[in-house]
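Chemist:
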DNA sequence: ATTTTCGAGATTTTT
DNA sequence: TCTCGAAAAT
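In the numbering used here, the protein residues as written are 576 to 1283.
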């Protein structure tokens, strides 16, 4: 742990309890500690009840850690419910308030994967080419559609007794969502905002209740997140935001760090003293980030002493690189470090494969964080689908997932037939199947058993605890038998892990009478990457995105190859913005390290185009005297990098010059014909006039009229 | 006629 | 490792 005392600026931040406070906190400057201490200060010194403080974090894991820190500092035993992510807060809010807009209390939250499934269905129906528009891209359009007019969207499609009429693929998608009472992650936010804005008594209750609101990692909040923050602090006006513009790495997902930079605060505090890294490591970090043009200058300085120089190693092949990392870790462990003190970070998750092979070879224990996350594993998703269907017979998505798991000779064709029948009867797949069980196409004993199982479970769910229902479903559906015959030990173990999870949930919620199947499913929908192996002593492998907020004594950044990191795809799509975000990502990676940092790269990433073998431009940006170079990288390699960067720049330059001038008529899928008013080079988007409305749109969603 | 199986191909980042 | 398409098996 770090030193128990806080420095003067940290104390200033902790004790700033009036109005809007902004803390710009560099990497490793102890911002999590500040948040925890402030929470404790509010409770211990000012005498607030924990229930009147909202502390928002970026991930569930961060919330978990924050709670633990706080519980050590606060004398009052109760654990606060409102230390959570924005999404979890919205769920808690909606569970109480959603009835106001005619939704059932047991609304479900749609898994992003399932959202894709729905999207494909809607796209197919409208003959949208799946090769040209992927499900992800389609969903972005749906999200855009909702975001442009959230009030209209909710009033038109989600308030009771409304019937969406226009036959558009997007509307079709929304209709499917409505049918299952599903909300996606954006909806959670929109609905919360809508209720706060349209129901004065709900607004009064919540804004008065939440006396103090603090937010971590605000640089990754989107404009909608900020709207929510302002809405819930409208009464007391106590908003405390902490972030670091240099660590903004989620702009591709809609985050808007500029709001944080421009935030008008009563109190402004900068924490630039770093407690984490050695001077050598910090110098490298500062050297890299200073290459960004769009930034508020801020140099971190450290209080630590130097230990080892930062090492940059070049290798001939990807497996050499992986093997060298593995043997370095082995030596380090022999010198007395624990395996868990080492982390290997990389840009894209598929890089982990080669590294895993090398670690297995050297017999080193490791965990891949979020490679396949626990709740994304097939067997877990299947099990949850059984639970969901038992909870809600209208859940067609879950139905489709499990009707043939284990095999009941009910494949794609049978589902298609059933779907047609269900559409004509306006009923769900499960109900349709039940009513038409005598139909020769469906009449099988396995199918009859399936229906009985689900129906019985639904009835029992009202009487028995969750764990019993879950156990029955897993046993009688045949999932466990299926895995046992295939001797899938690991998957079976995962299922028993899930069961112990459920028991834990049960005991936690027993006294609130909240241990129902539906409340479990709601909770689980957001806990998608809770780390089960957190406590175990293993080498950690993870993407840089996942490493945010963590720290490790020894850090390896692998795969620093131009094209992979920075990712050329990102740069091609977002040009300058893309490059700067990649550089911030590099900055995040480097600042995870406490004592030792190894950067490595190899010529092994050559693909068909033969370009992925030069060292990343980020390596060249670090002054030579800051690095200890190993593996004799040929100087021609850096020439290659330079040529590649120049080529890419030229490519994106011509793109920029080819932009449409004012007056050009373009067509948008949803809004129809529009006229270009202006090009915003910074945001790489156009201001387009549609009738009397002007919208800001990215080029990708616009098509030149003449081309159609 | 349907379902299953087997092999080839692809993969940024995620609440 | 997972997804998708074509041949084998029911």
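Each residue gets a CB set at the ideal place from its N, CA and C atoms; glycine is no exception.
Can the beta-carbon of residue 905 be found less than 8 Å from the beta-carbon of residue 939?
Modeler: It is a contact, given that the beta carbons lie within the stated cut-off.
Chemist: Measuring only the C-alpha atoms, how far is residue 743 from residue 1196?
Modeler: In a straight line, the C-alpha of residue 743 is about 49 Å away from that of residue 1196.
Chemist: In chain order, what residues of the same chain lie with their CB nearer than 7 Å to the CB of residue 871, ignoring the 5 residues before and after it?
Modeler: So the qualifying residues of the chain are 820 and 836.
Chemist: Which residue's Cα is closest to the Cα of residue 966: 1048, 644, 907 and 1146?
Modeler: It is 1048 whose Cα lies nearest to the Cα of residue 966.
Chemist: Quick one, which of 1025, 1036 and 838 has its alpha-carbon nearest residue 1053's?
Modeler: Of the listed residues, the one whose Cα sits closest to residue 1053 is 1025.
Chemist: Quick test of your reading: residue 853 and residue 1170, contact by CB under 8 Å. State the CB separation rounded to the nearest angstrom.
Modeler: Yes, residue 853 and residue 1170 are in contact; Cβ-Cβ is about 6 Å, under 8 Å.
Chemist: With H, G and I counted as helix, E and B as strand and the rest as coil, what does DSSP make of residue 1254?
Modeler: Three-state DSSP puts residue 1254 in a strand.
Chemist: Is it true that the CB of residue 1189 sits closer than 8 Å to the CB of residue 1215?
Modeler: Against a cut-off of 8 Å, the Cβ pair of residue 1189 and residue 1215 comes out as a contact.
Chemist: Among the residues of its own chain, which have a CB less than 7 Å from the CB of residue 973, if the five just before and after it don't count?
Modeler: Only 960, 963 and 964 meet the Cβ criterion.
Chemist: If you follow the beta strand (DSSP E) that residue 1268 is in, where does it begin and where does it stop?
Modeler: Note, residue 1268: beta strand (DSSP E), 1268-1272.
Chemist: May I ask you to report which of helix, strand or coil DSSP gives residue 596?
Modeler: Note: residue 596 maps to strand in three-state DSSP.
Chemist: When every heavy atom of the ligand NAD is checked, does at least one fall within less than 7 Å of the C-beta of residue 979?
Modeler: No copy of the ligand NAD occurs in the structure displayed, which carries no ligand at all.
Chemist: Taking the C-alpha atoms as reference points, what is the distance between residue 869 and residue 1155?
Modeler: If I take the Cα positions, the gap works out to 8 Å.
Chemist: So does the region 1068-1087 actually touch the region 951-959, counting three or more Cβ pairs closer than 8 Å?
Modeler: Result yes; three or more Cβ-Cβ pairs closer than 8 Å.
Chemist: Just to confirm the assignment: which complete beta strand (DSSP E) runs, minimum length 3, are found wholly within the region 1189-1244?
Modeler: Those beta strand (DSSP E) runs which fall completely within the region 1189-1244 and span 3+ residues are 1202-1205 and 1240-1243.
Chemist: Nearest-angstrom Cα distance between residue 804 and residue 714?
Modeler: Those two C-alpha atoms are separated by around 25 Å.
Chemist: Please list the segments of the alpha helix (DSSP H) lying wholly inside the region 658-689, counting only runs of 4 or more residues, in order along the chain.
Modeler: Taking only runs of at least 4 residues, the alpha helix (DSSP H) segments lying wholly in the region 658-689 are 661-672.
Chemist: Is it true that the CB of residue 1168 sits closer than 8 Å to the CB of residue 1092?
Modeler: No.
Chemist: Residue 843 bridges to which residues according to DSSP?
Modeler: In DSSP, residue 843 forms a bridge with 597.
Chemist: For residue 1265, which of 1249, 1271 and 1273 has the nearest alpha-carbon?
Modeler: Closest option to residue 1265, Cα to Cα, is 1249.
Chemist: Which whole runs of the beta strand (DSSP E) in the region 774-837 are 3 residues long or more, in chain order?
Modeler: 787-790 and 814-818, all fully within the region 774-837.
Chemist: Is the beta carbon of residue 658 less than 8 Å from the beta carbon of residue 619?
Modeler: Contact flag unset, no.
Chemist: Comparing C-alpha positions only, which one of 934, 923, 841 and 780 sits nearest to residue 896?
Modeler: When only C-alpha atoms are compared, the closest one is 934.
Chemist: In three-state DSSP terms, what is residue 1263?
Modeler: Reduced to three states, the DSSP call for residue 1263 is strand.
Chemist: For a test of the three-state rule: what should DSSP assign to residue 1140, helix, strand or coil?
Modeler: Three-state result, residue 1140: coil.
Chemist: Give every residue of the same chain whose Cβ lies closer than 6 Å to the Cβ of residue 685, excluding the five residues on either side of it in the sequence, and list them in chain order.
Modeler: Within the same chain, residue 685 has close Cβ partners 757 and 759.
Chemist: Let's see if you can read the secondary structure: which residues bound the beta strand (DSSP E) around residue 942?
Modeler: Start and end: 941-943.
Chemist: Between which two residues does the beta strand (DSSP E) holding residue 871 run?
Modeler: No beta strand (DSSP E) holds residue 871; DSSP gives it neither H nor E.
Chemist: Going by C-alpha to C-alpha distance, which of 781, 1064, 825 and 772 sits closest to residue 802?
Modeler: Closest by alpha carbon: 772.
Chemist: Would you kindly check if the distance between the Cβ of residue 856 and the Cβ of residue 1165 is under 8 Å?
Modeler: Cβ atoms of residue 1165 and residue 856: closer than 8 Å.
Chemist: Which full runs of the alpha helix (DSSP H) of 4+ residues lie inside the region 971-1017, going along the chain?
Modeler: Runs found: 971-977, 987-1000 and 1004-1010.
Chemist: Kindly provide the ranges of any alpha helix (DSSP H) runs that are 4 or more residues long and lie completely inside the region 856-933, ordered along the chain.
Modeler: The region 856-933 contains these whole alpha helix (DSSP H) runs: 893-909.
Chemist: Considering only the alpha carbon of each residue, which of 624, 1081, 698 and 1201 lies closest to residue 1098?
Modeler: Checking every option, the nearest Cα to that of residue 1098 belongs to 1081.
Chemist: Are the Cβ atoms of residue 673 and residue 716 separated by less than 8 Å?
Modeler: Not in contact: residue 673 and residue 716 (Cβ atoms no closer than 8 Å).
Chemist: Span of the beta strand (DSSP E) holding residue 1176?
Modeler: Its beta strand (DSSP E) spans residues 1168-1177.
Chemist: Using the C-alpha atoms, what's the distance from residue 753 back to residue 969?
Modeler: Using only the alpha carbons, I get a separation of about 11 Å.
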